[in-house]
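S.K.: Right, I'll just put the structure down here and ask away after.
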Amino acid sequence: MIQKPRGTRDFRSDEMEKRRYLEKLMREEAALFGFREIATPIFENTELFTLKSGPNVIDEIYAFTDKGGREISLRPELTAPAMRFFVNELSSEPRPLKMFYFGQCFRYERPQSGRYREFFQFGAEMIGSAGPQSDAEVISLAASIMKHIGLKDYRIRIGHIGVLREMLSSSGASADNIPLILQKLDKKEYEEASQRMKSAGLSDESISAIIDVTETVGSVEVLEKIEGDAKEHLSKVFQILGYYGFNNVEIDLGVVRGLDYYTGLVFEMDAPVLGAEKQICGGGSYSLTELFGGEKTFSTGFGIGFDRTLLALDREGFETPKYEISAYIIPVTDAMKDESYKIAANLRSSGITTELDLMGRSLSKNFKYASSINAKKAIIVGEKEFAEGCVSVRDMQSGEQKVVKINEILQEF
RNA sequence: GCCCGGUUGGGGUAGCCUGGCAUCCUGUGGGACUGUGGAUCCCUAGACUCGAGUUCAAAUCUCGGACCGGGCCCCA
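Below, the structure is given as structure tokens:
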């Protein structure tokens with residue numbers, strides 16, 4: 143027996159139906175906001191990802207040399223490919239360019255609950271428009287998707303990368319030191335962070351002020367603690383989200399994200415039902431285009447962890463509609479089989495989901511099977527009715543049965 | 001990559017400590033029942049994660065690998 147590779151999954155039909163159903167809801171919501179779908183290759187040049195995330199990501203991705211000697215990687219995320227696509231081919235589209243995508247990504251990590259080596263991401267990018275109104279639009283989309291798929295409990299946390307960066311640099315930290323300090327602050331490792339800030343030459347007052355802001359979480363009032371553009375920006379975003387009816391929004395100035403390409407607002411969404419691994423969405427405003435050889439362009443985007451979001455829905459008791467089939471055709475005798483094919487062909491060409499007995503089962507076994515596949519109607523093709531040009535149509539739920547003319551059978555559906 | 005726990009028919013399980021015919025439920029196929037389902041009964045098929053070791057004998061004990069899960073690292 144061949145096992146599937148570590149961290150991958152097979153999906154049963156009922157799971158696939160659920161996944162497709164939820165994908166469809168996500169796409170619908172994105173379309174409602176005027177975002178349009180794109181798709182990029184499953185593999186890319188490795189350089190795309192090292193440019194974005196640094197050389198160390200190679201340890202975490204499926205990177206290999208192809209037969210032509212090219213350095214190739216299975217994509218570990220979708221923002222970099224989307225921005226590459228933009229720089230290569232879409233840079234003269236009207237702004238803002240609003241795109242979304244859904245697809246699988248691959249990371250060489252240790253799998254855990256809700257974490258796989260092949261996983262699915264839904265994401266959206268708004269390119270070429272900066273400002274609170276754009277950020278708010280993108281966050282609204284992410285939140286609206288969660289609402290549309292029926293996730294009951296989720297939280298939105300919004301921060302601003304500029305707040306801590308500005309405090310750090312105005313307190314005397316050099317550009318080299320800042321990313322590492324932010325990384326420690328993001329993980330709430332305050333002792334480590336303090337040590338780094340101290341060795342970067344910051345005063346004790348500055349350090350405690352910075353840690354205080356990092357811990358600042360709450361409603362819009364907490365913005366009183368800070369000054370300047372970030373404050374204005376976040377207030378406006380908060381206000382716009384209020385118009386959409388999203389009250390589950392917190393300001394969390396400790397949401398920092400260590401990477402350089404974030405330029406302002408950053409946000410995360412959590413599903414508390416997931417416990418420790420609760421983050422289901424992350425995003426922010428950034429600029430990557432110049433890294434990929436384009437003009438500097440401000441964008442805002444997010445990625446939703448599709449698998450983890452589904453896990454959250456499951457934990458909340460979400461149920462997908464049960465699989466149903468409209469018609470199940472039962473030939474009573476072998477002589478009636480040919481007639482059954484004709485009826486099946488007729489029903490299917492009219493868009494009615496139809497199955498027929500392929501196992502040569504007895505009438506009573508066929509009824510059992512029809513029940514087990516959740517067939518709504520059974521069509522019994524028997525000699526007696528057929529002699530009159532008719533078949534029996536049985537409602538599998540009520541048990542009511544009537545004789546109808548074969549050429550009027552569509553009226554039963 | 002590191003530490004810890006787990007893995008028994010398709011799904012769910014008992015047995016493991018204390019080595020000796022692998023249990024039960026459900027599901028699959030068939031029959032009772034060749035013109036009427038969901039019930040019941042019967043039959044059939046179907047598993048010890050893999051490899052090595054110890055032993056007369058290994059699902060059971062030992063070691064190693066794979067996979068799953070909890071924690072660490074990472075989480076773009």
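Using the working numbering, the first residue of the first sequence is number 143, and each one after it goes up by one.
Backbone N, C-alpha and C fix where the C-beta goes; we use that ideal spot for every residue, glycine too.
Fair warning: this is a prediction, and the values are worked out from it, not measured in the lab.
1. At a cut-off of 7 Å, is THR192 close to the ligand NAD when judged by its beta-carbon and the heavy atoms of the ligand?
2. When you compare the stretch 528–540 with the stretch 492–508, are there three or more beta-carbon pairs, one atom per stretch, that lie closer than 8 Å?
3. I'd like the list of long-range same chain contacts for LEU489, defined as Cβ closer than 6 Å, with 5 residues on each side in sequence excluded.
4. Looking at the structure shown, is ASN488 part of a helix, part of a strand, or coil, going by DSSP?
5. Quick one: what's GLN421 bridged to in DSSP?
6. Could you compute how far the alpha carbon of ARG226 sits from the alpha carbon of GLY436?
7. In angstroms, rounded to a whole number, what distance separates the CA positions of GLU186 and PRO236?
8. Only counting the same chain, and skipping five residues up and downstream in sequence, which positions put a Cβ closer than 7 Å to that of VAL355?
9. Measuring only the C-alpha atoms, how far is GLY384 from ALA172?
10. Taking 8 Å as the cut-off, does the stretch 411–420 touch the stretch 232–246 (at least 3 CB pairs, one atom from each stretch)?
11. Would PRO183 and VAL199 be called neighbours here (beta carbons separated by less than 8 Å)?
12. Look at the Cβ atom of TYR298, then the Cβ atom of THR439, and state whether they are nearer than 8 Å.
13. For a minimum of 4 consecutive residues, which ranges assigned as the alpha helix (DSSP H) are wholly contained in the stretch 178–210?
14. State whether the stretch 265–284 contacts the stretch 400–412, with contact taken as three or more CB pairs (one from each stretch) at a distance under 8 Å.
15. Check each candidate in ALA285, SER255, PRO197 and name the one with the smallest Cα separation from ALA266.
16. Near GLU481, what residues of its chain come up, given a Cβ to Cβ distance below 6 Å and the 5 sequence neighbours on each side ignored?
17. In angstroms, rounded to a whole number, what distance separates the CA positions of SER377 and PHE206?
18. Give the DSSP-derived three-state secondary structure of TYR309 in the structure shown.
19. Going by DSSP, what residues sit across from GLN543 in a beta bridge?
20. State the Cα-Cα distance for the pair PRO223 and THR431, rounded to the nearest angstrom.
21. For the alpha helix (DSSP H) that contains GLY384, what are its first and last residues?
22. From GLN421 to SER513, what distance separates their C-alpha atoms?
23. Measure the C-alpha to C-alpha separation of GLU521 and GLY493 and round it to an integer number of angstroms.
24. Measuring alpha carbon to alpha carbon, tell me which residue in PHE248, PRO463, ASN390, MET168 is nearest PHE191.
25. Taking Cβ positions, are LEU433 and LYS146 nearer each other than 8 Å?
26. Output the distance between the C-alpha atoms of PHE228 and ARG399, rounded to the nearest integer angstrom.
27. How far does the beta strand (DSSP E) with PHE434 in it extend, from its first residue to its last?
M.R.: Considering the structure as presented:
1. Inclusion of the ligand NAD in the displayed structure is not the case, the ligand content being empty and no account of it being possible.
2. no
3. ALA469, THR496
4. Correct three-state label for ASN488: helix.
5. ASP412
6. 9 Å
7. When rounded, the distance between both Cα atoms is 26 Å.
8. VAL305, LEU306, MET309, LYS367, ILE368, LEU395
9. 19 Å
10. no
11. no
12. Correcting the residue identity first, residue 298 is Ile in this sequence and not Tyr. Not in contact: ILE298 and THR439 (Cβ atoms no closer than 8 Å).
13. 188–195
14. As far as the Cβ criterion goes, the stretch 265–284 touches the stretch 400–412, which means the pair count is three or higher.
15. It is ALA285.
16. So the list reads VAL523, once near-sequence residues are dropped.
17. 46 Å
18. The question names Tyr, yet the displayed sequence has Met at residue 309. Note: MET309 maps to helix in three-state DSSP.
19. According to DSSP, GLN543 bridges with ARG536.
20. Roughly 11 Å separates the two Cα atoms.
21. Note, GLY384: alpha helix (DSSP H), 371–385.
22. 41 Å
23. As written in the sequence, residue 521 is Ile, which differs from the Glu given in the question. Distance between the alpha carbons of ILE521 and GLY493 is about 16 Å.
24. PHE248
25. For LEU433 and LYS146, no; Cβs fall outside 8 Å.
26. C-alpha separation (whole angstroms): 23 Å.
27. PHE434: not part of any beta strand (DSSP E); DSSP gives it neither H nor E.
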